[in-house]
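Under our numbering, think of the first position of the sequence shown as 6, with each following residue one higher.
Heads up, the beta-carbon is just placed ideally off N, CA and C, and yes, glycines get one too.
Model, not experiment: these values are computed from the prediction.
What follows is a single structure, written as structure tokens, with notes after it.
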Amino acid sequence: MDRRDVRIGATEPRLPRVTGWLGPLVDAVARTDASVHRKLLFGFLAGALLLVGMAVLNIVVIGRMNERMTELSRLHERSSEVQQMLYAVTAQSHYRAMALLTRENSYNGQIGDAKQRFVDLLDSLEESAPGDRDFLEGVRGVNVKFGASSDAVLSLYRAGDISGATRLHLAEEHTASHLLEASMRSLLASADGQMARARSAFDADRGLLTTTVIAFSVVSVLAALLLGFVLSWAFVLPVRKMERALAGITAGDLTQRVQVVNRDELGRLGRHLNVMSERLASLFAEQRALAGRLTSLNESLRAASQAKSQFLASVSHELRTPMNAILGFTDALLAGVDGPLNDEQKASL
6 MDRRDVRIGA TEPRLPRVTG WLGPLVDAVA RTDASVHRKL LFGFLAGALL LVGMAVLNIV
66 VIGRMNERMT ELSRLHERSS EVQQMLYAVT AQSHYRAMAL LTRENSYNGQ IGDAKQRFVD
126 LLDSLEESAP GDRDFLEGVR GVNVKFGASS DAVLSLYRAG DISGATRLHL AEEHTASHLL
186 EASMRSLLAS ADGQMARARS AFDADRGLLT TTVIAFSVVS VLAALLLGFV LSWAFVLPVR
246 KMERALAGIT AGDLTQRVQV VNRDELGRLG RHLNVMSERL ASLFAEQRAL AGRLTSLNES
306 LRAASQAKSQ FLASVSHELR TPMNAILGFT DALLAGVDGP LNDEQKASL
């Protein structure tokens, strides 16, 4: 039988060349005193934990971005309310001027609606922005004065004193409206600044969180690949070693041994394979010794048989010559060479 060279030193299974630096890590996993089932279970658990970590990170990111969006929405709503308040103040001055110029009383009703809308928006701002309560209280005080001057102008208007109403409007009501407009513009500028800062914070958080998610995803994928590679090669290497050893044993090379560092079922299987190889080598040695003894015995039996044959041939030759002489002499006597014979002599011959 032809024997292929499958000795350990010649064809020892190894890691791929580019991943040879992971050999100590693969050996460390192989030497871990745990069963194959537990090692695989650990690998699956680690993968599941990475998925859970990714899910938790996504939840955190979504929550953080939702907070930023909520803050932006609140600031946008606040800015919109301030703009409506500014419009309500400007509208009052416009409606008052139109009422004084056209003497159309319906404009005065629109002034009342604008005032009520301004107060409602001011109440909403105080609830949504408690940090600006002092500033808004000042605005409310100015609005009270503005309302008082508006009531005075309206009284003069209803009394028919249009010129007096106009003078009071220009002297007090219009001035108060400018103060409210200036406060609203200041508040609007503050709201726009807060929106700009919130938008910058949103963009910064989005960039940071996006980078974090990408980095965590890359690290998770690399960790999963590394764990899968290490675990798989911790099982593949001993299996390949035992496969090559069994191929050598099948080819008749009973000197095959495997060096398996695993402390699991594969390690025990490798040790059993070595014991089996040693036992087979011992049995084959005993068989060869027995075959040698049988060969020697066959040679002895063959020599004895040959000696027996030679002995029998020699004895046959030695007996044949005197027996021929005796038979020939007897025939001559029976033929009467020495004279006639009586019946008793013939019977004896």
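| Query | Result |
| --- | --- |
| Give a single yes or no on whether V94 has its beta carbon closer than 7 Å to a heavy atom of the ligand HEM. | The ligand HEM is absent from the structure shown, which contains no ligands of any kind. |
| Using only alpha-carbon positions, find the residue among D269, L236, K44 that is nearest to L30. | L236 |
| Among the residues of its own chain, which have a CB less than 6 Å from the CB of E178, if the five just before and after it don't count? | S154, S155, V158 |
| Between which residues of its own chain and L184 is the CB-CB distance below 6 Å, once the five residues before and five after are set aside? | V147 |
| Can you give, in chain order, each stretch of the alpha helix (DSSP H) that sits fully within the region 204-280 and has at least 4 residues? | none |
| Per the contact definition of three or more C-beta pairs closer than 8 Å, is the region 60-69 in contact with the region 204-223? | yes |
| If you check the beta carbons only, do I116 and Q97 fall under 8 Å apart? | yes |
| How long is the line joining the alpha carbons of F334 and D343, rounded to whole angstroms? | 11 Å |
| Less than 8 Å between the C-beta atoms of G272 and V280, yes or no? | no |
| By Cβ distance below 6 Å, which residues in the same chain neighbour L285 in space, the five residues on each side in sequence not counted? | L259 |
| Buried or exposed, going by whether 16 or more other CB atoms sit within 10 Å of the CB of V34? | buried |
| Kindly indicate which three-state DSSP category S40 falls into: helix, strand or coil? | coil |
| Spatial neighbours of L20 within its chain, please: C-beta separation below 8 Å, excluding the five flanking residues on both sides. | L27, G28, V31, W238, L242 |
| If you compare alpha carbons, which of Q199, V218, G165, K246 is closest to A134? | Q199 |
| Determine whether the beta carbon atoms of R122 and A196 lie at a separation below 8 Å. | no |
| So, with DSSP's three-state summary, where would you put N347? | coil |
| Which residue marks the beginning of the alpha helix (DSSP H) containing V342, and which one marks its end? | Segment: none, V342 is in no alpha helix (DSSP H) and carries neither H nor E. |
| Would you kindly report the start and end of the unbroken alpha helix (DSSP H) that includes R124? | Here residue 124 is Val; the residue named in the question, Arg, does not match the sequence. Where V124 is concerned, the enclosing alpha helix (DSSP H) stretches over 111-133. |
| With three or more beta-carbon pairs closer than 8 Å as the criterion, would you say the region 160-168 touches the region 94-110? | yes |
| May I ask you to verify whether the region 168-176 touches the region 98-105, counting CB pairs closer than 8 Å and requiring at least 3? | yes |
| Compare the C-alpha of R36 against each of E283, R268, V149, R245 and name the closest. | R268 |
| Just the Cα atoms here: how many angstroms apart are L130 and G114? | 25 Å |
| Do the CB positions of F207 and R73 come within less than 8 Å of each other? | yes |
| So, is K120 buried or exposed, given that buried needs 16 or more other C-beta atoms within 10 angstroms? | buried |
| Would DSSP call L354 helix, strand or coil? | coil |
| Locate the alpha helix (DSSP H) running through V23, then write down its first and last residues. | Run containing V23: none; DSSP gives neither H nor E here. |
| So, at 7 Å on beta carbons, what are the nonlocal neighbours of V263 in its own chain, with the 5 sequence-adjacent residues on each side left out? | K246, M247, A250, G275, L278, N279 |
| So the alpha helix (DSSP H) L161 belongs to, where does it begin and stop? | 138-163 |
| Once you ignore the five residues that flank D336 on each side, which residues in its own chain have a CB closer than 7 Å to its CB? | none |
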